[in-house]
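J.:
Protein chains in written order, with the numbering used here: chain A, 2 to 365; chain B, 418 to 751.
#1: Taking just the CA atoms, how far does residue 47 (chain A) sit from residue 41 (chain A)?
#2: Where does residue 656 (chain B) fall in DSSP's three states?
#3: Mark residue 692 (chain B) as exposed unless 16 or more other C-beta atoms lie within 10 angstroms of its C-beta, in which case mark it buried.
#4: Note down the Cα distance separating residue 710 (chain B) from residue 652 (chain B), rounded to an integer number of angstroms.
#5: Buried or exposed: where does residue 723 (chain B) fall if 16 or more other Cβ atoms within 10 Å of its Cβ makes it buried?
#6: Quick one: which chain B residues come within Cβ less than 7 angstroms of residue 307 (chain A)?
#7: Starting from the N-terminal side, write out each stretch of the alpha helix (DSSP H) that is 4 residues or longer and does not extend beyond the stretch 189 to 233 of chain A.
#8: I'd like the ranges of any alpha helix (DSSP H) spanning at least 4 consecutive residues and lying wholly in the stretch 146 to 191 of chain A.
#9: Please look up how many angstroms separate the CB atoms of residue 568 (chain B) and residue 518 (chain B), rounded, as I've assumed it's under 8 angstroms.
#10: Distance, Cα to Cα, residue 478 (chain B) vs residue 452 (chain B)?
#11: Using beta carbons (cut-off 7 angstroms, strictly below), is residue 310 (chain A) in contact with chain B?
#12: Counting along the chain, where does the alpha helix (DSSP H) carrying residue 717 (chain B) start and finish?
#13: Quick one: does residue 46 (chain A) have its CB under 7 angstroms from some CB of chain B?
#14: Throw me the rounded Cβ distance for the residue 9 (chain A) and residue 73 (chain A) pair, which I believe falls under 8 angstroms.
#15: Could you run through the stretch 601 to 612 of chain B and flag, in chain order, every residue whose CB is less than 8 angstroms away from some CB of chain A?
#16: On the three-pair Cβ rule with 8 angstroms, is the stretch 204 to 221 of chain A touching the stretch 124 to 144 of chain A?
#17: Leaving out five residues before and five after residue 558 (chain B) in sequence, what residues of the same chain have Cβ atoms less than 7 angstroms from its Cβ?
#18: Does the contact criterion of 3 or more C-beta pairs under 8 angstroms hold for the stretch 78 to 87 of chain A versus the stretch 280 to 292 of chain A?
#19: To be precise: take each residue of the stretch 225 to 258 of chain A, compare its Cβ to all Cβ atoms of chain B, and keep it if any distance is under 7 angstroms. Which residues remain?
#20: Around the C-beta of residue 634 (chain B), are 16 or more other C-beta atoms found within 10 angstroms, so that it is buried, or is it exposed?
#21: DSSP on residue 297 (chain A), reduced to helix/strand/coil?
#22: Beta carbons nearer than 9 angstroms to chain A: which residues of the stretch 621 to 655 of chain B have them?
#23: Grouping DSSP H, G and I as helix and E and B as strand, with all else coil, what is residue 709 (chain B)?
#24: In whole angstroms, what separates the C-alpha of residue 138 (chain A) from that of residue 146 (chain A)?
#25: Return the Cβ separation of residue 332 (chain A) and residue 291 (chain A) in integer angstroms, given the expectation that the two are a contact with Cβ distance under 8 angstroms.
#26: Rounded to the nearest angstrom, what separates residue 43 (chain A) and residue 676 (chain B) at their Cα positions?
#27: Give me the chain A residues within the contact set of residue 471 (chain B), using Cβ-Cβ distance strictly less than 7 angstroms, ordered along the chain.
#28: Assess contact between the stretch 155 to 172 of chain A and the stretch 215 to 235 of chain A, defined as three or more Cβ pairs (one per stretch) separated by less than 8 angstroms. Is contact present?
#29: Looking at the secondary structure, which residues open and close the alpha helix (DSSP H) in which residue 114 (chain A) lies?
#30: Note down the Cα distance separating residue 603 (chain B) from residue 55 (chain A), rounded to an integer number of angstroms.
#31: How many Å lie between residue 696 (chain B) and residue 330 (chain A) at the Cα?
#32: What's the call for residue 719 (chain B), buried or exposed, on a 16-neighbour Cβ count within 10 Å?
#33: Quick check on residue 507 (chain B): does DSSP put it in helix, strand or coil?
#34: Run through chain A and tell me which residues come within less than 9 angstroms of residue 580 (chain B), C-beta to C-beta.
#35: Quick one: does residue 532 (chain B) have its CB under 7 angstroms from some CB of chain A?
#36: Leaving aside the five residues before and after residue 690 (chain B) along the sequence, list all residues of the same chain whose C-beta is less than 7 angstroms from its C-beta, in chain order.
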């Protein structure tokens, strides 16, 4: 049973910018595997492609002219499917002198194929919690009815009464207060924290085998955040659901994830056990290290010292430099590797005990 | 001891809520006490941090201080002028020495103007400098916020989040303020950029002798930036004091809950739930009688729900516990 539940192989998700006549390479060759029962955390700053990776898995990147290539293999029981199978056939690129001049996409065919691939997977096998719970719920329907819909669509509890019982069970499960009352509330009647709980209930109600949580705590208050993290930790311990957790908050990732992948500029730059990756020491990618150092620690706050900022700005995903993507901002380049860093992008080097780092400093 | 630059005395801001035609005819009108009696002062070159959950009124405090919304009652005295009693031209003139940085990165940047025009507009709004003087100041401002001058010909949408924040800051600095209300200046930014902006704000404070009212929900950033911290809950300050004191030995249960939730979130071994009690919503229109925090308060639960906490006649006042440390609680933690 140790086989991966979801295996992303060399995923590339590009969006085409007509005004710039170039691709915005949001996700540029990401390979990840999520094993059954584990929580994989993806950390990175905004624009690094973590959310787009999740949306690609869910088949939610649709109408915009863009390209998705690679494989996303989902395997559970009798269901084996490559969620990107044959999608590239409905996209045509016209190139002139090595420059992409236009992207023609048969949106209808793309959508049909994508929907066919996602049937029974999206919502049922893979459920997702979004960053903004209020915006992700139907504002015209009571929360309970929305959860009932998920239950009836995706589980064997198709009877109305039975489904309502299940929905209530899940609302209780996520520790929403007075669940019977909330059942009939519309999303606008719930606070942000409660809405997020309802959203988690809705996702779990479909009894998915994989849960994707995209920034589940962002935008909530500090006190509510810690409650939601507590809830996720509790659910993880009790249900043991496989989770892909996406966050820019190192604290949340550190608390919940078993393994962590750090993304920068559309690529995974480091991957390994949560403790090793979040150690932020010598054995880590310079970016991971700088990212962890830039979070104000207890000592820095006490001494009111300067924060260790990462100079420069996040990567421009249109004109990607030839060498290492982090080279411009990296403060750990040594003379021995400088040339390679500037000219040649490193691959993921093995750094021992399952940890892999995309940095020339780790080249054997 | 430098004198106080800003003094806020019993500031109140109540928003009226219309509830439709018939309720209006009956004269029943909802009042939301967003800010309900806030007093504090700020000295020259000092930073006061204002923390609290969303909806506690911290942004409204900032806006009312600057006169962006009128106060319902109370006084705001800035450098000897009573702002709440001012209007028109005198207030406009005073605005050049007090400014606000908004949470929204795009809020102060006209999308149809180039960066140079944006800065020029800010420079000429209070004074009439010559073109050469203007150009010199623009470059000086860019220098101060550590941006390159090639950004001048760009439009706001071409900038990244951190750059927008810097331009927003340059625009505020252009009028030459002494006091800046910084409303969540880092919340829309990534951690690596957040660190840059925090460092920049502290540099500017040193170089330009600025005073800040630093509004944020990020407790660590507030502690790092501020000399004093005021914690707000439902429109009132519940605890105020030197930042080290507030973060390491809080007296108000709410402050402690805020700080522990920050730590708990990261602590793998943390015991979920339990200690913090029920964490329901709070009702703004009808704050509970007595202490507003009582329904969520762990101390109140642990002490067996003492009657004094929910007694309408005895809402705990902000008392001085030790020198410069104020707390509004019947049972302050020691």
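Ideal placement from N, C-alpha and C gives every residue a C-beta, glycine not left out. These figures come from a predicted structure and were not determined experimentally.
T.: Judging by the given coordinates:
#1: Counted from its first residue, the first chain places residue 41 (chain A) at position 40. Counted from its first residue, the first chain places residue 47 (chain A) at position 46. Each residue's Cα considered, the two are about 18 angstroms apart.
#2: Counted from its first residue, the second chain places residue 656 (chain B) at position 239. Correct three-state label for residue 656 (chain B): strand.
#3: Numbered from its first residue, the second chain carries residue 692 (chain B) at position 275. Residue placement at residue 692 (chain B) is poorly supported in this model, since its pLDDT is 42, which falls under 50; the coordinates are not used for a value here.
#4: Counting from 1 along the second chain, the entry for residue 710 (chain B) is found at position 293. Counting from 1 along the second chain, the entry for residue 652 (chain B) is found at position 235. Spanning the two alpha carbons is a distance of roughly 11 angstroms.
#5: Numbered from 1 along the second chain, position 306 holds the residue referred to as residue 723 (chain B). By the 10 Å Cβ count, residue 723 (chain B) comes out exposed.
#6: Along the first chain, read from residue 1 onward, the residue named residue 307 (chain A) stands at position 306. By Cβ distance, chain B contributes 616.
#7: 193 to 206
#8: 161 to 174, 180 to 183
#9: Here the question's residue 568 (chain B) lines up with position 151 in the second chain. Here the question's residue 518 (chain B) lines up with position 101 in the second chain. 18 angstroms between Cβ atoms; not a contact.
#10: Residue numbering aside, residue 478 (chain B) sits at position 61 when the second chain is read from its first letter. Residue numbering aside, residue 452 (chain B) sits at position 35 when the second chain is read from its first letter. Taking the straight line from one Cα to the other gives about 7 angstroms.
#11: Locating residue 310 (chain A) in the first chain gives position 309, where the first residue counts as 1. Yes, residue 310 (chain A) lies at the interface with chain B (some Cβ there is under 7 angstroms from its Cβ).
#12: In the second chain, counting from the first residue as 1, residue 717 (chain B) sits at position 300. Per DSSP, residue 717 (chain B) belongs to the alpha helix (DSSP H) from 715 to 719.
#13: Numbered from 1 along the first chain, position 45 holds the residue referred to as residue 46 (chain A). For residue 46 (chain A), the answer is yes, since a Cβ of chain B falls inside 7 angstroms of its Cβ.
#14: As a working note, residue 9 (chain A) is residue 8 in the first chain. As a working note, residue 73 (chain A) is residue 72 in the first chain. Right, their Cβ atoms sit about 5 angstroms apart.
#15: 607, 608, 609, 610, 611, 612
#16: yes
#17: Locating residue 558 (chain B) in the second chain gives position 141, counting from the first residue. Taken in chain order, the residues that qualify are 536, 587, 590, 591.
#18: no
#19: 226, 227, 228, 230, 231, 234, 235, 249, 252, 253, 255, 256
#20: In the second chain, the residue the question calls residue 634 (chain B) occupies position 217. Buried, since its Cβ has 16 or more Cβ neighbours within 10 Å.
#21: Stepping through the first chain from its first residue, residue 297 (chain A) is reached at position 296. DSSP places residue 297 (chain A) in coil when its eight states are reduced to three.
#22: 634, 635, 636, 637, 638, 640, 641, 642
#23: To locate residue 709 (chain B), count along the second chain from 1; it is residue 292. In this structure, residue 709 (chain B) counts as coil in the three-state DSSP scheme.
#24: Here residue 138 (chain A) corresponds to residue number 137 of the first chain, with the count starting at 1. Here residue 146 (chain A) corresponds to residue number 145 of the first chain, with the count starting at 1. Answer to the nearest angstrom: the Cα atoms are 11 angstroms apart.
#25: If you number the first chain from 1, residue 332 (chain A) lands on position 331. If you number the first chain from 1, residue 291 (chain A) lands on position 290. Yes, they are in contact, since the Cβ atoms of residue 332 (chain A) and residue 291 (chain A) sit about 7 angstroms apart, within 8 angstroms.
#26: Residue 43 (chain A) sits at position 42 when you count from the first residue of the first chain. Residue 676 (chain B) sits at position 259 when you count from the first residue of the second chain. Taking the straight line joining both Cα atoms gives about 26 angstroms.
#27: Taking the first residue of the second chain as position 1, residue 471 (chain B) is located at position 54. What residue 471 (chain B) touches in chain A: 222.
#28: no
#29: Within the first chain, residue 114 (chain A) is the residue found at index 113, counting from 1. Residue 114 (chain A) -> alpha helix (DSSP H) spans 108 to 119.
#30: What you label residue 603 (chain B) is simply residue 186 of the second chain in a count that begins at 1. What you label residue 55 (chain A) is simply residue 54 of the first chain in a count that begins at 1. When rounded, the distance between both Cα atoms is 26 angstroms.
#31: To locate residue 696 (chain B), count along the second chain from 1; it is residue 279. To locate residue 330 (chain A), count along the first chain from 1; it is residue 329. Unreliable placement is indicated for residue 696 (chain B), whose pLDDT of 47 sits below 50; the coordinate value is still reported in the next sentence. Their Cα atoms are separated by approximately 43 angstroms.
#32: Taking the second chain and counting its residues from 1, one reaches residue 719 (chain B) at position 302. Exposed: under 16 other Cβ atoms inside 10 Å.
#33: The residue given as residue 507 (chain B) occupies position 90 in the second chain. Note: residue 507 (chain B) maps to helix in three-state DSSP.
#34: Taking the second chain and counting its residues from 1, one reaches residue 580 (chain B) at position 163. 314, listed in chain order.
#35: As a working note, residue 532 (chain B) is residue 115 in the second chain. Chain A contact via Cβ: absent.
#36: Within the second chain, residue 690 (chain B) is the residue found at index 273, counting from 1. Low confidence applies to residue 690 (chain B): its pLDDT is 44, below 50, so where it sits in the model is not reliable enough to give any reading.
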